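Sequence positions in the sequence shown follow the numbering used here and run 309 to 536. All C-beta atoms, glycine included, are put in the ideal place defined by N, C-alpha and C. Please read all numbers here as calculations on a predicted model, not as lab measurements. What follows is a set of notes on a single structure, which appears directly below.
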Amino acid sequence: MDSINRKPRGLLYALGLAVVLICAATAVACGVFLFIGGMSCASAASASAEFTAVGAMYDRVSQARGRASAERAQGRAGYVLAADDGFMLVYAVYADETDAAVVAERLDCAAVTLRAESVSFPSEDGEECAEALNVIAEVVTETEKIWRQLDEETTSESLSVTQLKSYADALRPYKDAGDGVGGLADEICGMLLTTAAGSEYPLTADIKYLSAYTAARLAEFTAAAAAV
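Here it is as structure tokens:
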């Protein structure tokens, strides 16, 4: 498996964070001062975030897609990512660049940076838009914790599914946010629920795919938004 042997940061923390994220949608109305992903709800700019995808590089997308199913069956993400020098078949995405470098060296594979740019929202619901992007970034880091725990056999699949559903609940209040953010939030919410429902692949592979997909979509969306 792709995981690094390290202790998980705690299931209670992950579940507790989901509750905090749910509260974020009503933080302004309640007058509560919350921080999500290091950002205050008083700001209309999302936080920047950086993730590292680790996997095998291919010259053609057909080659990467041809191997995707086999990699997912082995518990890897199997997500195909378009990179500057080809197509990466992602094994997993890491929030810590050092962790990613260790895994890439051990597996003798490549590493690609996925950066979520900080985006400013001057619109009336700018705070809500910024919060939504921060929550989506948190989904990447929190799902990494889940698949690590699954690989280390320190959690159960049933508890992991409960966590995924709680993150979907955290994103649901943002589905009507403006500037296209609501659509992205709804998309990731749907992915969380689909992952929770299970598939023919191991749950750890499905969660790694979700994490990679979310990181890639967030990077793509923020790059386009920041360029406007």
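_Using CA atoms only, rank isn't needed, just tell me which of 485, 420 and 451 is closest to residue 470._
Ranking the options by Cα distance to residue 470, first place goes to 451.
_Would residue 441 and residue 527 be called neighbours here (beta carbons separated by less than 9 Å)?_
Remark: C-beta atoms of residue 441 and residue 527 do not approach each other more closely than 9 Å.
*Any chance the segment 361 to 379 sits against the segment 410 to 425, with 3 or more Cβ pairs inside 8 Å?*
Touching, yes, given that three or more Cβ pairs across the two stretches are closer than 8 Å.
*Determine the direct distance from the alpha carbon of residue 500 to that of residue 468, and round the result to whole angstroms.*
Rounded to the nearest whole angstrom, the C-alpha separation of residue 468 and residue 500 is 11 Å.
*Pick helix, strand or coil for residue 491, following the three-state DSSP scheme.*
DSSP places residue 491 in helix when its eight states are reduced to three.
*Is the beta carbon of residue 446 sitting closer than 9 Å to the one on residue 405?*
The beta carbons of residue 446 and residue 405 sit no closer together than 9 Å.
*Please classify residue 509: does DSSP put it in a helix, a strand, or coil?*
Secondary structure of residue 509 (DSSP, three-state): coil.
*So, do the segment 456 to 463 and the segment 487 to 496 have three or more beta carbon pairs nearer to each other than 8 Å?*
Counting Cβ pairs under 8 Å, fewer than three are found: no touch.
*For residue 428, which beta-bridge partners are listed by DSSP?*
Within the DSSP secondary-structure output, residue 428 pairs in a beta bridge with 353.
*Mark residue 510 as exposed unless 16 or more other C-beta atoms lie within 10 angstroms of its C-beta, in which case mark it buried.*
Residue 510 is buried by the Cβ-count criterion.
*Could you tell me whether the Cβ atoms of residue 429 and residue 478 are closer together than 9 Å?*
No, they are not a contact pair.
*Buried or exposed: where does residue 413 fall if 16 or more other Cβ atoms within 10 Å of its Cβ makes it buried?*
Classification for residue 413: exposed.
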